[in-house]
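Line by line, the protein sequences are chains W and C. For the first sequence, my numbering gives the first residue as 183, with consecutive numbering after it. For the second sequence, my numbering gives the first residue as 183, with consecutive numbering after it. Cβ coordinates follow ideal geometry from the N, Cα and C atoms, glycine included. Shown next, in structure tokens, is the structure this report addresses.
Protein chains: 2
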Amino acid sequence: MDAAEIRQFLEGSGLRCTPQRFAVMAFLTEHNRHATAAEIFEAVNRVDPRSSRATTYNNLRDLVQAGLVREVAVEGRGARFEAIGVPHHHFVCDHCGNVEDLEWYDVPKPAGGSLGKRVVRECELIFRGLCSNCAQRSASG
Amino acid sequence: MDAAEIRQFLEGSGLRCTPQRFAVMAFLTEHNRHATAAEIFEAVNRVDPRSSRATTYNNLRDLVQAGLVREVAVEGRGARFEAIGVPHHHFVCDHCGNVEDLEWYDVPKPAGGSLGKRVVRECELIFRGLCSNCAQRSASG
DNA sequence: GAAGTTTTTAGACTATATCTAATCTGAGAT
DNA sequence: ATCTCAGATTAGATATAGTCTAAAAACTTC
Chain W
183 MDAAEIRQFL EGSGLRCTPQ RFAVMAFLTE HNRHATAAEI FEAVNRVDPR SSRATTYNNL
243 RDLVQAGLVR EVAVEGRGAR FEAIGVPHHH FVCDHCGNVE DLEWYDVPKP AGGSLGKRVV
303 RECELIFRGL CSNCAQRSAS G
Chain C
183 MDAAEIRQFL EGSGLRCTPQ RFAVMAFLTE HNRHATAAEI FEAVNRVDPR SSRATTYNNL
243 RDLVQAGLVR EVAVEGRGAR FEAIGVPHHH FVCDHCGNVE DLEWYDVPKP AGGSLGKRVV
303 RECELIFRGL CSNCAQRSAS G
């Protein structure tokens, strides 16, 4: 996603393309990691050193509401965010806590009537275990 | 799980069965909800009004390490915990934030070599959408 | 019942997130 | 161009979540 696309996305959602908001979105699309609010704030701060924490949180809330960003569900302190791009699943390392993306594939929904009257919007698959690095380290250590 | 079983579980994991630790475990097994640390602390506090927040956190950490309790991955402030019992998946309501259990069924692992050298310990499936209550309310409202 | 270990406690401290009121910005109207 | 005003941003106070410390208490073992 390049700068012009980000601008279009924001304005298409009724959000002004402010420098701070743009910086949040740009950071999230560039680094497809699962950034904490602190990391995102730091990135916005590189663009404008006078920017406020509140703005980063406000913008993250707006972007999540607009459907451009997703809050990732992981245990541990501090929310994590990612730009909504190619769908994928997640792998969380027990040891180092890193979150990695796994290729998307369809997951079967619960069978029969067990969903009851619930309405499913999306589904996320989280694997847990040891990432490549930690697995090798624990094998050789 | 009754009182004697909880005691056995704790001692089998090398943990003393203290009143506070017992209270944490008992609350989590009774209420198979996905309790926040604050709710658990409140429950422990009903048993012993002088108990400390730190103790609840210590005990939750110990119980997670011992494999009797799991920290549930959900977005939002405040970690949530559940006793490890029958395996199940989760449904998170977009609207009210409640976490509900869904019947367990096997989920296919990523195909081929896409896991690389990762070692998978467990897998969790999270559905998101509207719970029965919120779905009905939004349909009729 | 003494000695040593584990656990708990109170409260300070750190980290994370939100709120408030004042100020600033920019896109459309003129 | 510049006025206007809703939407955005700011600093800093406040709220919420979690951790740490040192001392006291509660068990275990002898």
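Same chain, Cβ closer than 8 Å to residue i, five either side skipped, listed in chain order
i, result
"residue 202 of chain C", "226, 229, 230, 233, 237, 238, 241"
"residue 222 of chain C", "206, 209, 210, 238, 242, 263"
Distance between residue j and residue i (C-alpha atoms, nearest Å)
i, j, result
"residue 247 of chain W", "residue 244 of chain C", "37 Å"
"residue 302 of chain W", "residue 280 of chain W", "27 Å"
"residue 254 of chain C", "residue 261 of chain W", "14 Å"
"residue 263 of chain W", "residue 252 of chain W", "6 Å"
"residue 315 of chain W", "residue 321 of chain W", "10 Å"
"residue 304 of chain W", "residue 296 of chain W", "16 Å"
"residue 190 of chain C", "residue 199 of chain C", "9 Å"
"residue 224 of chain C", "residue 214 of chain C", "16 Å"
"residue 291 of chain C", "residue 250 of chain W", "28 Å"
"residue 269 of chain W", "residue 306 of chain C", "17 Å"
"residue 293 of chain C", "residue 186 of chain C", "44 Å"
Chain C residues whose Cβ lies nearer than 7 Å to that of residue i
i, result
"residue 314 of chain W", "298, 299, 300"
Own chain residues within Cβ distance below 7 Å of residue i, not counting five before or after
i, result
"residue 276 of chain C", "310, 311, 312"
"residue 258 of chain C", "279"
"residue 317 of chain C", "none"
Residue span of the beta strand (DSSP E) that contains residue i, given as start and end
i, result
"residue 307 of chain W", "301-312"
"residue 203 of chain W", "Where residue 203 of chain W is concerned, there is no enclosing beta strand (DSSP E), although the alpha helix (DSSP H) it sits in stretches over 201-212."
"residue 281 of chain C", "281-285"
"residue 232 of chain W", "From DSSP, residue 232 of chain W is part of no beta strand (DSSP E); its letter is neither H nor E."
Closer than 8 Å to chain W by CB, residue i
i, result
"residue 223 of chain C", "no"
"residue 293 of chain C", "yes"
"residue 239 of chain C", "no"
"residue 281 of chain C", "no"
"residue 247 of chain C", "no"
"residue 289 of chain C", "yes"
Residue i at chain C interface by Cβ criterion, 8 Å
i, result
"residue 305 of chain W", "yes"
"residue 310 of chain W", "yes"
"residue 206 of chain W", "no"
"residue 261 of chain W", "yes"
"residue 190 of chain W", "no"
Contacts of residue i in chain W (Cβ-Cβ under 8 Å)
i, result
"residue 256 of chain C", "255"
Range of the contiguous alpha helix (DSSP H) that encloses residue i
i, result
"residue 235 of chain W", "235-247"
"residue 259 of chain C", "Looking at the DSSP string, residue 259 of chain C is not in any alpha helix (DSSP H), and its letter there is neither H nor E."
"residue 164 of chain C", "A query on residue 164 of chain C cannot be resolved here, the shown segment of chain C reaching from 183 to 323 and no further."
Proximal chain W residues relative to residue i, where beta-carbon distance stays under 7 Å
i, result
"residue 285 of chain C", "292, 296"
"residue 276 of chain C", "303"
Chain-ordered neighbours of residue i on chain C, where CB pairs are closer than 8 Å
i, result
"residue 209 of chain W", "Those do not exist, as residue 209 of chain W stays about 19 Å from chain C at its closest Cβ, beyond 8 Å."
Neighbour list for residue i in chain W, Cβ cutoff strictly below 9 Å
i, result
"residue 318 of chain C", "299"
Spatial neighbours of residue i in its chain, beta-carbon cut-off 6 Å, leaving aside the 5 residues before and after
i, result
"residue 218 of chain W", "260, 262"
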